[in-house]
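> Remember, our numbering sits 186 above the position in the sequence shown when you count from 1. From the three backbone atoms N, C-alpha and C, an ideal C-beta is built for every residue, glycine too. Here the structure is a predicted model, which is why all the values come from computation and not from measurement. To start, I am sharing the structure in question, which I have written as structure tokens.
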Amino acid sequence: MTIKDNLNKIQSSLPPHVTLVAVSKTWPVPDLMEAYNAGQRIFGENKIQEMAAKYEEMPKDIQWHMIGHVQTNKVKYMASFVTLVHGVDSLKLLAEIDKQAKKHNRVIDCLLQMHIAEEDTKFGMDENELNDLLASAEFKQLQNIRVTGLMGMATFTDDEVQIRREFTHLKDNFDRLSKQPSTANCQLSTLSMGMSGDYKIAMDCGSTMVRIGSSIFGKR
Ligand SMILES: *Cc1c(COP(=O)(O)O)cnc(C)c1O
Numbered sequence: 187m188t189i190k191d192n193l194n195k196i197q198s199s200l201p202p203h204v205t206l207v208a209v210s211k212t213w214p215v216p217d218l219m220e221a222y223n224a225g226q227r228i229f230g231e232n233k234i235q236e237m238a239a240k241y242e243e244m245p246k247d248i249q250w251h252m253i254g255h256v257q258t259n260k261v262k263y264m265a266s267f268v269t270l271v272h273g274v275d276s277l278k279l280l281a282e283i284d285k286q287a288k289k290h291n292r293v294i295d296c297l298l299q300m301h302i303a304e305e306d307t308k309f310g311m312d313e314n315e316l317n318d319l320l321a322s323a324e325f326k327q328l329q330n331i332r333v334t335g336l337m338g339m340a341t342f343t344d345d346e347v348q349i350r351r352e353f354t355h356l357k358d359n360f361d362r363l364s365k366q367p368s369t370a371n372c373q374l375s376t377l378s379m380g381m382s383g384d385y386k387i388a389m390d391c392g393s394t395m396v397r398i399g400s401s402i403f404g405k406r
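What follows is the structure in structure tokens.
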């Protein structure tokens, strides 16, 4: 199976309301170009400098998604071009993205990451932190970011019941927050959940964006 075959197979299994992010971290540009030539335009990376280097080399109609943990001091390296930042888990980080976006006269879309897994190695906010962030006066003043949804990662386990429970918890929060009126900088439409091993379960639980790496590019 080639990268193109893998992509076509996955694309054809996704319903129209689910967006595929091809997670290309660690893979070299020729592999990404193979996916590009097969029609893929959304790529996900987890290291800012690696993403910036690939952005420089590759066609400019690609949408670059930052899916990894973001250090505040590195936001400046992606602020001019990043399309969506998935892993925002603090007001401090959101404020820095806002500040850097302003320098480039743009608005950067962000997803707030919720901690849904039982492992405490995975980043993200709990329900209270999420509520507090969205209710804060400081958040309401940010004009160069827009929160467009939530993101989460389930526990790495074979236990399907557990994975389903964790994704459902994220979906419940997404639905709850989506009922609140939209504001200029908070318009929830995207629920980013699901990777190679669990995206089918994630879609069952309401995912609208899946982040798939190894099933497209191979084992890292
Ligand atoms: C690496 C990564 C993925 C993709 O994982 P695969 O198992 O290779 O599909 C998805 N989301 C995040 C946040 C990742 O770091």
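1. Check the C-beta distance from T205 over to M395 and give it rounded, since I have them as a contact under 8 Å.
2. According to DSSP, is A224 part of a helix, a strand, or is it coil?
3. At which residues does the alpha helix (DSSP H) containing S198 begin and terminate?
4. Is the CB-CB distance between V209 and G230 below 7 Å?
5. Please state if the CB of T343 and the CB of D295 are separated by a distance shorter than 7 Å.
6. So, with DSSP's three-state summary, where would you put I349?
7. Do I331 and D275 have their C-beta atoms closer together than 7 Å?
8. With hydrogens ignored, establish whether the beta-carbon of M187 is closer than 6 Å to any heavy atom of ligand 1.
9. Would the beta-carbon of N192 be found less than 6 Å away from any heavy atom of ligand 1?
Quick look at the numbers:
1. 5 Å
2. coil
3. I189 to S199
4. yes
5. no
6. helix
7. no
8. no
9. no
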